[in-house]
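Notes for the one structure printed next.
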Amino acid sequence: MGSAKKNTLSVSRVRVEQVPEGEIVGSSQPRLSWVVEASEPDVEILRHELRFETDAAAGDGRGEKREVVDGAGTVLQPWPFDPLQSRQEGQVSVRSSDSEGQWSPWSEPCRVVAGLLHASDWSASFVTPRTLAGLDDGAPFVFTTFELDELPVRARLYASAHGVYLANLNGRQVGDDVLAPGWTEYAHRVRYQSYDVTGALVIGRNTLGALLGNGWFRGQLVWPGHRSSYGENIALLAQLELEFGDGTRTVMGTDRTWSARATRILADDLYDGETQDCRIPLLGEDDAPEQEGVRVLEPDAAALVTRRGPPVRITGRLSPLSSSASPSGRTLIDFGQNLVGWVELHVRGGEPGAEVTVRHAEVLEDGELSLRPLRSAKVTCRYLLSGVGGSETLRPNFTFNGFRFCDIVMPAGVELVSATAIVIGSDLERIGWFESSHDGLNRLHKNIVWGARGNFLDLPTDCPQRDERLGWTGDIQVFVPTGNFLFDTSGFLAGWLEDLAVAQKPDGGVPFIVPDVLREADPAATGWGDAAVVVPWNLYLSYGDKAVLERQYPSMVAWVEKMVSLADGDSVWNASGQFGDWLDPTAPPDEPGQAKADQAVVATAHFARSARMLAQSASVIGKSRDADHFMDLADRVAAGFLARFVSDDGTILSDCQTVYALALAWDLISDETARLGAGRRLVDLVEKAHYRVSTGFLGTPVILDALCAAGRPDVAYRMLLNTEVPSWLYAVTMGATTVWERWDSMLPDGSVNPGTMTSFNHYAYGAVADWMHRALGGLEPIEPAYRRFRVRPLVADGLDHASVVHVSPYGRIEVGWRREGQGIRVDVAVPFGCHAEVWMPGDASPLLVGAGHHSFTGRVPEWYPASGAHGD
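In terms of my numbering, the sequence shown opens at residue 16 and continues consecutively.
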């Protein structure tokens, strides 16, 4: 006789909130997530048991606690134990039980570290050098020394800065953060970091301190580069807490007893670079005559907060692709990839004080670095060599650059031993991939990934190289679906949204950039302000996080109400003076905002979409009355759009690709005749343009969806594969390794576009990857966090196979399709606890499948209607 097959359960990927394991959390009741896997897909999970083991050295509350939680939920579940206390450390493990009472083994433990949860936990003060930290001075080392007769069983450093800092204990760098504490709305929120330094202490004399740089707090920001946006004084906050075996604790923090001295860093700036005199030790001379005291700064109102996502770190290293002499005689190095970070040099020889200079650029012109696109940013690192013999390592500490190329000037007698490109960025987990049989699409997707890596640097920036590098709201508004698929941005963007909310104007206006250093009096830019609604909604869709909707809800409402105040009696926003469809390909080089799309059409379309998203958000968080109100508003705005801008035959005011794309992709035309006419007109415009793109920042993310909604996925795919300028693949054919700001940042003859907006690393047009994932890859979420998802690949002519992988909060999803003769094979991997709707080409209804690996075969019609990802 046969016997029932025994199910095997396992639990993995236990996470605390959205921070990497071991990073401090700023909540006493952090949420927990984990992934369950089962050998049998139809098993029912009834409960989970969670175990919290407090560290033995944690004082009160040590030991083990367990709680059983009923239900199948595994994503962002409430903390089931007593609230954490400040400084409490431990580890959480999870096991799950099925309906037969069978328990999985315990998961691997996940470390939990509570930060300083109350303002009263801080005894340290911000301190600044008395004279050594002037605006034109170098980076000081602020420090203290202390004696230890015995080693603590645990030692933890909490630190922050006005500016940026590198902590150091006994000559060793503490932690691997870059540019800590990062950039926030400093008047409201300043992040702090925490480091376990138990192993770095010694019996006897210890020296604790930090190098202080200007960073975003006091360095240049915004064109043409004004300084001291947040204050004149860079300062350090540090609190070292020692716990000894007998239970006693010692706390020492920055106060008036600390000291400061000059270091080898003579100048530092995010835009201009860094200058070092390597004849001086990095941390300065121990007996430097200019050593001085510090002064304590008056407390400010800013809250000290933990980071929601991962820190900025070194994430990669690249060796040169080639090295040659430029026409001017400089050593020119090509790293083969446009990246963000710095160059680390190893040199040998040279007299004391001999100068080595490194400059950076994204592209070349006439064999030399093309520096004009960088505008006023000098992006230059200068090193005065120690000349002590042997090799020297040269690298900056408080700057970064966007570059593929660098040139180096060295005096005679200095040998370049090696050059390495150091890649930095927020250390986000990669969770999404795309691959196909088309090399150009694969390169495009790789470029988009590199663009995100470079511009997700502590916050979502527009570009990483020129005198800008700012958190433009419009760029992330269009890119957020792509970014969420490729990387785990859950904490990264949630933290940035908190800054958006505190920077928002009392009347609901959303700053153009966040953190807001432009400080416009009345910001109200369609497509930019909508980030207040679009980003939190997409975080909820991608990760299932209701809390981000609850936190951001007042901000979301305020922006929509701001648009209400700007609309006329027909709920039409007659906008003017907008960014609009920024960088329309027909805009003159010196007029990037001169677009074909009528600004009122664009603004009203965004108004309708944001009102609809707000209504959906209100429904999710239980505000049903608000949901009805804002859905009614969305309907009124759409009706106003139809009446004011759309003719009976579907022609839309200003008659260009962007206005049709917005109307069709966002379902703003309720009249069927007009909708069909609009679709035909869009197709006609694209065909007359020979399938070239004619959209800017706001139309581009939805143009392919709109073509699919018009019933012409063939036209969408042909547009995607076009290599003529303007198109996505034009840059690929020109050797691009990231996405450009302009469709033609580089002209066909290899010269740089004469306009001022010529970044070669701008991810906005990379928003097309969202369509590639959903349409070509065939994967689209139906329920938040991909608990239920649709599989409906667009089997495009000329494409033999495509696949996507996405690690959702519930586990790894795989979708791939491949042509087999006249047919198609679709393979799907569904995580435990999830369901997929699989639409085979030509089918009138989907197949519903649960967890496991599934394969389907069918025939491929010439073309077929697109799925919900494409307009349903």
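The beta-carbon is built from N, C-alpha and C at its ideal position, and this holds for glycine as well.
As the structure is a prediction and not an experimental result, all values here were calculated from the model.
Counting C-beta atoms within 10 angstroms of its own C-beta, Gly-331 has fewer than 16 neighbours from the protein chains shown and is therefore classed as exposed.
Fully contained in the region 755–812 are the following beta strand (DSSP E) runs of length 3 or more, in chain order: 794–796 and 803–806. The beta-bridge partner set that DSSP reports for Gln-208 consists of Ala-174.
In the DSSP assignment, Met-267 falls within the beta strand (DSSP E) that extends over 264–268. For His-821, the enclosing beta strand (DSSP E) stretches over residues 816–823. Taken through DSSP and simplified to helix, strand or coil, Thr-488 comes out as helix. With a beta-carbon spacing of about 16 Å, Gly-466 and Tyr-745 fall beyond the 8 Å limit used to define contacts. For the pair Val-617 and Pro-716, the CB atoms are not nearer than the 9 Å cut-off. DSSP places Val-674 inside the alpha helix (DSSP H), whose first and last residues are 672–680. Inclusion of Pro-155 and Leu-226 in the CB contact set at 9 Å is warranted, their separation being smaller than that value. Taking 9 Å as the cut-off, the beta carbon of Val-327 is found no closer than this to the beta carbon of Ser-209. The C-alpha of Leu-400 lies about 11 Å from the C-alpha of His-361. Straight through space, the alpha carbons of Phe-471 and Phe-494 are spaced by roughly 11 Å. The Cβ-Cβ distance between Arg-789 and Thr-773 does not fall below 9 Å. Annotation for Ile-218: Leu-163, Asp-164, Glu-165 and Leu-166 place their beta carbon closer than 8 Å to its own, counting only its chain and skipping 5 residues before and after. As a beta-bridge residue in DSSP terms, Cys-421 pairs with Ile-348 and His-375.
Counting along the chain, the unbroken alpha helix (DSSP H) around Leu-735 starts and ends at 728–736. As the crow flies, the alpha-carbon of Phe-594 is around 28 Å from that of Val-394.
Between the C-alpha atoms of Arg-145 and Ser-48 there is a straight-line separation of about 48 Å.
Only exposed fits Gly-428, as fewer than 16 other CB atoms lie within 10 angstroms of its CB. Only residues of its own chain outside the window of five on either side were considered, and among them Tyr-675, Ala-676, Leu-679, Ala-680 and Leu-697 have a CB closer than 7 Å to the CB of Ala-721, listed in chain order.
DSSP places Thr-69 within a strand segment (E or B) once states are collapsed to three. The alpha-carbon separation between Lys-638 and Leu-648 amounts to approximately 15 Å. Between Pro-45 and Glu-64, the CB-CB gap reaches or exceeds 9 Å. Your pair Phe-350 and Asn-229 does not check out as a contact, with CB atoms roughly 27 Å apart and the cut at 8 Å. Going by DSSP, Tyr-180 is part of the beta strand (DSSP E) stretching over 179–184.
Scanning Tyr-173, Ala-277 and Leu-700 for the CA closest to the CA of Asp-292 turns up Ala-277. Between the region 551–567 and the region 626–638 there are three or more inter-stretch CB-CB distances shorter than 8 Å, so the stretches are counted as touching.
Sixteen is the threshold: when 16 or more other Cβ atoms of the shown chains lie within 10 Å of the Cβ of Gly-665, as they do, the residue is buried. Across the set Asn-457, Pro-538, Thr-290 and Tyr-825, the C-alpha of Thr-290 shows the shortest separation from the C-alpha of Ala-369.
Taking a C-beta distance under 9 Å as the contact criterion, Phe-141 and Leu-252 qualify as a contact pair.
Where Val-29 is concerned, the enclosing beta strand (DSSP E) starts and stops at 24–31. Residue pairing by DSSP places Tyr-398 opposite Gln-291 and Val-371 in a beta bridge. Taking the C-beta atoms as reference points, Ala-612 is found no nearer than 9 Å to Ala-630.
For Gly-865 against Asp-57, the beta-carbon gap comes to about 7 Å, under 8 Å, which counts as contact. Around the C-beta of Asp-301, fewer than 16 other C-beta atoms lie within 10 Å, and the residue is accordingly described as exposed.
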